[in-house]
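Some notes on the structure that comes next.
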Amino acid sequence: MAAFASGKRYLSQRSAPIDLRFVGYAAACVALMFFDQRGGWLESVRYGLRATAYPLELALSSPSAAWRFTREIFEERAALQAENRALRDENRKLQLLAMQRARLERDNAELRALATGATDVVEQWLPADVIGSETTSLKQRLTVDRGAVNGVFEGQAVIAGAGLIGQSLRVGPWSTEIILLSDPEHAVPVQLTRTGVRTLALGSGESGLLSLPYLPLQTDVRAGDQLITSGLGGVFPAGIPVAEITEVRRDGNSPLAQVRARAYAAFDRDRIVSFIWPRAAHPATGGKPRAERGGDPDARKLPVTEPEPAR
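Encoded structure:
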């Protein structure tokens, strides 16, 4: 009984300080809460605790944040790659359409120029695409995709762009070789529009360049003069634009002037040329009507310009 009683006294003696501490802590908490609510005394303490706890919080959340960030990067990259592929495909389609449109515009411009270059003595014209070329100092030739089955004949005049380009040299069933004005073996009878002087324009072997070696020294010719076909020889209809004088040199030791001209047709750029048929009255037709000279249903008929009646 004594031992039990002594133990009971020990427990009662140890529990008293614990109760006092609890009461003290509770009172301190209530006081701190009161003063913090009234004056915000513990705000700086909370700020410091948050700053101290942030590294630990960051370390705990870093793996999930890193995984989420990596996943977003890959998803965004995949979306950007898909968008880039779609944009590249669309860009290629637009470029193709733009090239097709540009080609159609060039073709239309060349066809309009061909129609403009035809004169009143031209009855019909047949467009042809250039499929080959050989332009050297010894030979200036083109190959086109029209031939005898289309009514093309040897020696037929050919125009391109703004003027005469040459004449058919060798005619096959479905293709034709054209000798260009600038070929060293080619000559075309021409006339100066300003003075009416007639002469021959010879090929120089340089693309688009012609020489007029038979003009006397005193001939009235100067740079900028226009050359057209004179119609002599019965091969080329008269009045087709040929070239423009670019250089005139006069040497007192020579009886002839040195004259050079540049053809209106762009030999190295024109992709469409046109065979022309003179009207029946022209010597190149031999007086035959159009039906007897053959032809192609694709040939375009040009309107006849009737003279106005005198008033």
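Start counting the sequence shown at 41; every next residue gets the next number (our numbering). Where is the CB? At the ideal position from N, CA and C, for every residue including glycine.
When the beta-carbon positions are compared, Val198 and Ile218 come within less than 8 Å of each other. Within 10 angstroms of the beta-carbon of Gln180 lie 16 or more other beta-carbons, which makes it buried. Counting the other CB atoms within 10 Å of its CB gives Tyr304 a total of 16 or more, which places it among the buried residues.
Nearest neighbour of Leu220 by Cα position, chosen from Val230, Leu240, Ser244, turns out to be Ser244. Taking all protein chains shown into account, Asp223 has 16 or more neighbouring C-beta atoms within 10 Å of its C-beta and is therefore buried. Shown here, Ser314 sits in a strand according to DSSP, grouped into three states. If you draw a 10 Å sphere on the C-beta of Thr216, you find 16 or more other C-beta atoms in it, and that means buried. Following the DSSP letters along the chain, one finds Ile219 inside the beta strand (DSSP E) bounded by residues 216 to 220. Look at Gly64 here: in three-state DSSP terms it is helix. When the beta-carbon positions are compared, Ile268 and Val282 come within less than 8 Å of each other.
Around the beta carbon of Val189, a 10 Å sphere encloses fewer than 16 other beta carbons of the protein chains shown; the residue is thus reported as exposed.
Look at Pro256 here: in three-state DSSP terms it is strand.
In the DSSP annotation of this structure, the continuous segment of the beta strand (DSSP E) that includes Ser208 starts and ends at 203 to 211. Annotated as proximal: Leu250 and Arg300, with beta-carbon spacing under 8 Å. When DSSP reads this structure, Val184 sits in a beta bridge with Val170, Thr216.
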